[in-house]
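First the structure, in the form of structure tokens, and then the observations on it.
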Amino acid sequence: MKNIYKIMAVLLLLVFSSCSESFLEKLPKDQLTVSTTFTTNANFETYAWSLYANILPGYWDFAPILREMGSDLMVNNAGTVGHELLWQRKTVPSSSGLWNNSYVNIRRANLMLDNIENSQLTDSEKDHWRGVGLFFRAYVYVELIANYGEVPWVDRALTEADEELFGPKTPRDQLAQNILNDLTEAESLISPSGNGDNTVNTDVVRALISRFGLYEGTWRKYHGLGGEATYLQASVDAGAKLIAAHPELHPNYDEVFNSESLQGVQGVLLYKAYEFGILNGRWSHYNRSSIGHRDLTKKAVDQYLCLDGQTIHTSPLFDGEQDAYDEFRNRDHRLYFNTPPPFRVDTGGRNQLTWEYDSDPKSREYIDLMATLSDDEHKTLPTINWRGLVVRTSPHFRKFNEGHGFNVTYTGYAFYKFSNKISRLQNRDSHDAPTFRMGEVFLNYAEAMYELGQFTQEVADKTINKLRARGAVAPLDLANIPNDPTRDADVAPELWEIRRERGIEFLAEGLGRVFDIKRWKKLVEYGDDEKLGRWVKNADYGNNLPIQGGASEGYVSPWGVPPGVPEHYYLEPIPSDQIVLNPELTQNSGWE
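Here this note's numbering is used: the first residue of the sequence shown is 1, the next is one more, and so on.
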């Protein structure tokens, strides 16, 4: 067993998943009640596992990845139309699990907070569990403010008689300040070591401050709200403390996402632990199956630099994009861990478990390279599906699948960041999922420092350049930044490089790219870009692929040019059932 986090999370999922948010009040008095649940330190510890299990994301819920399909870097490779965010198909939902589950989880946190003072805890134990409760409440509100902008703030467990059940939205200024207040108080109260390995501690609280401070600060700056300095400084302060304590990264990027155990892995601050047959994930299974439906776009692939730190437009190491093998040569190694490099093998027939090298020596270039970068539990080539059936070639197009329909792609850049060979059973993944890691903190710190006018070579060296080193890429030299012809003219070269690293490092983690382009106020501008794939000669694929402009050769274009994103799409619509239940709630602008 990896640790108690997982075991207790599983047990509490079983106990709590069938109960309503008011389960403590509704059970008989001789069973679970407020007075018996919130007494000793052990009781609080047990209750807290329900917060871990229900609030923190992991490798089961697909919502974080799915929303990334609305970004400029990812595309759904199934269906007949593009993402609703980009094709003006979003509507006001009648109800929303995001909204409902968020307030259920806020209530869970508030129940614990409300019952600390009258418990049998010592003063130091009270401080710690108050810090834990504040952290989890803030975590939920960070998600809510990013999606809806303004929502009702609730700081205690309400009853049916409370007027606050039908209160208005809390203004963003107050809501954001409340979140920051919760987090700064939690930082001052929580035990530096948490309540054991892989639990919320001071470092984890600071990681959330780093995330929220950057998000709120840049939203305020680019959306013209003002007051951004407070949040950017909070992000910088938290990031500086974390970087001083955790200055180095685990050297293998892929192992951060595809390790059977993340216990003790350098730079991982908190993770959701999985155990085969006890608590299973499913992201690797989906990355290795015909129902994964996730692709990178050409724009995503073009972000990856060559090994000399130059762009594909400026580096002498880049051999061109009209041949798949040339396109991948001498590139940031993180590219090879996010989409399969090109290869071809001979399986001797359809749907085989074994393979031989193709007769053309060219076909094994990246098979040999990946053997030096990875191992057979991770990302050696050729790729396989969840049953172990060998994929014969990459790229492997959905509309020209060469005899087997699994692990297919529309753009030619199949997504397989979370693919591994640790478990080869359907929906039975057992690798751990990072929740907070220093790779994010490094980039949050770099960006917040830039926004405060304090980004220097020293900052770049202890943040971005450590991430680049993990991809075997030359460091960023602020005095000699390559001229990227694709750079957004509104974005300074230094900031462009920071944003490039975010797109590469966090691809499809759900942190995520959609939230980034929203806070930068670039959703409308980037939203009408045509999502493109590889350059191909259509005749090589039976003239079955959709090519940009209907040409015989060029970039694959699954959906064509989107119609453009309306301004009000920056915020999600409030579900209509909530407005019916609470007439004090007003709909977000543009969704009325």
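All C-beta atoms in this analysis are idealised placements derived from N, C-alpha and C, irrespective of residue type, glycine included.
Query raised in the report: What's the gap between the Cα of residue 312 and the Cα of residue 332?
Result: 11 angstroms
Requested in this report: For residue 170, I'd like the list of residues in its chain whose CB is within less than 8 angstroms of its CB, leaving aside the five on either flank, ordered along the chain.
Outcome: Excluding the 5 residues flanking it on each side, residue 170 has same chain C-beta neighbours closer than 8 angstroms at 150, 151, 152, 153, 178, in chain order.
Report task. Report all residues from its chain with a CB closer than 6 angstroms to the CB of residue 26; omit the five preceding and five following residues, and keep chain order. Result -> Below a pLDDT of 50, predicted positions are generally treated as unreliable, and residue 26, at 43, falls in that range; the measurement from the model is reported next regardless. Closer than 6 angstroms at the Cβ level, and outside the excluded window around residue 26, lies no residue.
Report task. Entirely within the stretch 221–280 and at least 4 residues each: give me those alpha helix (DSSP H) ranges in chain order. Result -> 228–245, 253–257
Query raised in the report: Does the count of Cβ pairs from the stretch 300–316 and the stretch 536–549 closer than 8 angstroms reach three?
Result: no
Query raised in the report: Just reading off the alpha helix (DSSP H) that residue 372 is part of, what are its end residues?
Result: 365–373
Query raised in the report: Can we say the stretch 461–475 touches the stretch 226–233, given the rule of at least three CB pairs closer than 8 angstroms?
Result: no
Report task. Work out the CA separation of residue 572 and residue 590 for me, nearest whole Å. Result -> When only Cα atoms are considered, residue 590 and residue 572 end up about 10 angstroms apart.
Query raised in the report: Do you know offhand how far residue 259's Cα is from residue 162's?
Result: 47 angstroms
Requested in this report: Using a threshold of 9 angstroms, state whether the C-beta atoms of residue 510 and residue 78 are closer than that.
Outcome: Against a cut-off of 9 angstroms, the Cβ pair of residue 78 and residue 510 comes out as no contact.
Query raised in the report: To which residues of the same chain is residue 413 closer than 8 angstroms at the C-beta, ignoring the five residues directly before and after it?
Result: 295, 296, 297, 298, 300, 301, 339, 395, 533, 534
Requested in this report: Tell me whether residue 520 sits in a helix, a strand or coil according to DSSP, three-state version.
Outcome: coil
Requested in this report: For the stretch 101–110 and the stretch 44–57, state whether three or more C-beta atom pairs, one from each stretch, are separated by less than 8 angstroms.
Outcome: yes
Report task. Return the chain-ordered list of same chain residues with a C-beta closer than 6 angstroms to the C-beta of residue 239, the five sequence neighbours on each side being excluded. Result -> When the five nearest sequence neighbours on each side are left out, the beta carbons in the same chain lying within less than 6 angstroms of the beta carbon of residue 239 are those of 210, 441, 444, 445, in order along the chain.
Requested in this report: Drop a sphere of 10 angstroms on the beta-carbon of residue 50, count the other beta-carbons inside from all chains shown, and report buried for 16 or more, exposed for fewer.
Outcome: buried
Requested in this report: For residue 552, collect the residues of the same chain with a Cβ closer than 6 angstroms to its Cβ; drop the 5 residues on either side in sequence, then sort them by chain order.
Outcome: 538
Query raised in the report: So which of 123, 201, 266, 519 has the shortest CA-CA distance to residue 470?
Result: 266
**Report entry** Classification of residue 519 by the beta-carbon crowding that lies within 10 angstroms, buried from 16 upward
**Finding:** By the beta-carbon neighbour count (other beta carbons within 10 angstroms, threshold 16), residue 519 is buried.
Query raised in the report: For residue 593 versus residue 199, is the C-beta distance shorter than 9 angstroms?
Result: This structure does not reach residue 593, given that the chain is present from 1 up to 592, and the question cannot be answered.
Query raised in the report: If we count the other Cβ atoms within 10 Å of its Cβ and call it buried at 16 or more, is residue 401 buried or exposed?
Result: buried
Report task. Report the three-state DSSP secondary structure of residue 555 (helix, strand or coil). Result -> strand
Requested in this report: Let me know if residue 382 comes out buried or exposed under the rule of 16 or more other beta-carbons within 10 Å of its beta-carbon.
Outcome: buried
Query - Where residue 394 sits in the DSSP three-state scheme - result: strand
Query raised in the report: When you compare only the Cα positions, how much space is there between residue 359 and residue 215?
Result: Taking the straight line from one Cα to the other gives about 52 angstroms.
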